[in-house]
Amino acid sequence: MATQRDEHGGSGDGQPEIERRLELLWGVAARPRRGPRPRMSLEAVVAAAVGLADAEGLGAVSMQRVAAELGYTTMSLYRYVQGKEQLVELMADTAVGEPPERGGAADWRARLEALTRAMVDGYRARPWLLRVEISGPPRAPNQLAWFEAYLEALSVSGLSGAERISVVMFVDGAVRELARIAVQIEDSRRGGGVGAAAAGAAYAAALRRFAAPERYPNVAALVAEGLFDPAPPAQGGAAADEEAAGEGGPADDVGTDIVFGLRRMLDGVESYARERAQAGGA
């Protein structure tokens, strides 16, 4: 049975583990030369694992379960991946997919917002991705494609290369963390059999009861304005879409928080780039 190794370590043939992983991620790893001819493919193994995670969560994925889904023995999977850690890395890159095409995004800010919305949608569609541990910078094909898309959008922002990387890392971290919180809240509600509107109403009622103005003056003031009450159903149309995009009040949607925060951050980035350009031209 294959054993886990530190990715900076080596293997029996002297090849560093990090190199092996990269070759596997990019589909250039050498196929086994000994033993019977493989009856399945790495793509089939990863697809089965993704399907299992989609249906039951990342905790359900194990080499044994994936092998059972494919109708093979657990040992047969080790011809393709050395263990679950490698498998999960392949799963994550497959599941995140390619970034959306530029489409109708007219400027760099609109493009960043479109990418951010797509990322939030991806996390909400496959919340198990939020449980995948981050072990380093983007290095897999689809992860690198998202990184490239963000950098490309920022290429006309006036930022330096290092500054563009910093913005991308901040946005990626904010999206991931807010999505994780939202998913945990949704899971908690679902587990308790409580809908979003009912949970929101209960929270607002609790604040009215316990958030005494003498101790929590700002919270009490916002409660009095009704800002913690569940939002009424949207009526549709462009106006509703704009409000849901983040310029309205608080809403039960992580996309609202992300887009509002992203827009305000980009206000600062744009102002910073403009002031620096003006100073350089003076």
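Okay, so the sequence shown: first residue is 5 according to the numbering used here, each after it adds one. Beta carbons are placed, not taken as given, at the ideal position from N, Cα and C, and that holds for glycine. Predicted model only: the values in this text are computed from it and were never measured.
Sequence-distant residues of its chain with Cβ nearer than 7 Å to residue i (five each side left out)
i, result
"P217", "A224"
Beta carbon of residue i nearer than 9 Å to that of residue j
i, j, result
"A57", "A64", "yes"
"A157", "L119", "yes"
"L26", "E117", "no"
"Y154", "V172", "yes"
"L134", "R184", "yes"
"I262", "V49", "no"
"A166", "E102", "no"
"Y82", "M44", "no"
"L182", "Q90", "no"
"L46", "W132", "no"
"R24", "Q86", "yes"
Nearest-angstrom Cα separation, counted from residue j out to residue i
i, j, result
"A277", "K88", "44 Å"
"V273", "S170", "11 Å"
"P221", "A209", "16 Å"
"A281", "G126", "36 Å"
"G196", "Q188", "12 Å"
"V32", "R180", "30 Å"
"L270", "R115", "12 Å"
"V227", "Y207", "10 Å"
"G14", "F174", "The pLDDT assigned to G14 is 46, lower than 50, so where the model puts this residue is not dependable, and the model offers no usable value."
"R130", "A99", "8 Å"
Outcome for residue i when other beta-carbon atoms lying within 10 angstroms are tallied against a minimum of 16
i, result
"S275", "exposed"
"A59", "exposed"
"P141", "exposed"
"R213", "exposed"
"D10", "Since pLDDT at D10 reaches only 40, below the 50 mark, its modelled position is unreliable, and the value read off the structure follows with that caveat. That one is exposed."
"F232", "buried"
"M79", "exposed"
"W292", "Look at the range of the chain in this structure, 5 to 286, and you will see that residue 292 is not part of it."
"R194", "exposed"
"R168", "buried"
Cut-off 6 Å between Cβ atoms - residues of its own chain near residue i, not counting five sequence neighbours on either side
i, result
"A201", "P234"
"A205", "P234"
"F151", "P142"
Sequence-distant residues of its chain with Cβ nearer than 8 Å to residue i (five each side left out)
i, result
"W112", "A157, L158, S159, V160 and S161"
"A122", "P103 and P104"
Discussion item. Three or more C-beta pairs under 8 Å: does that hold for the segment 92–106 against the segment 49–63?
Written reply: A contact is defined here as three or more CB-CB pairs under 8 Å, and the segment 92–106 meets this definition with respect to the segment 49–63.
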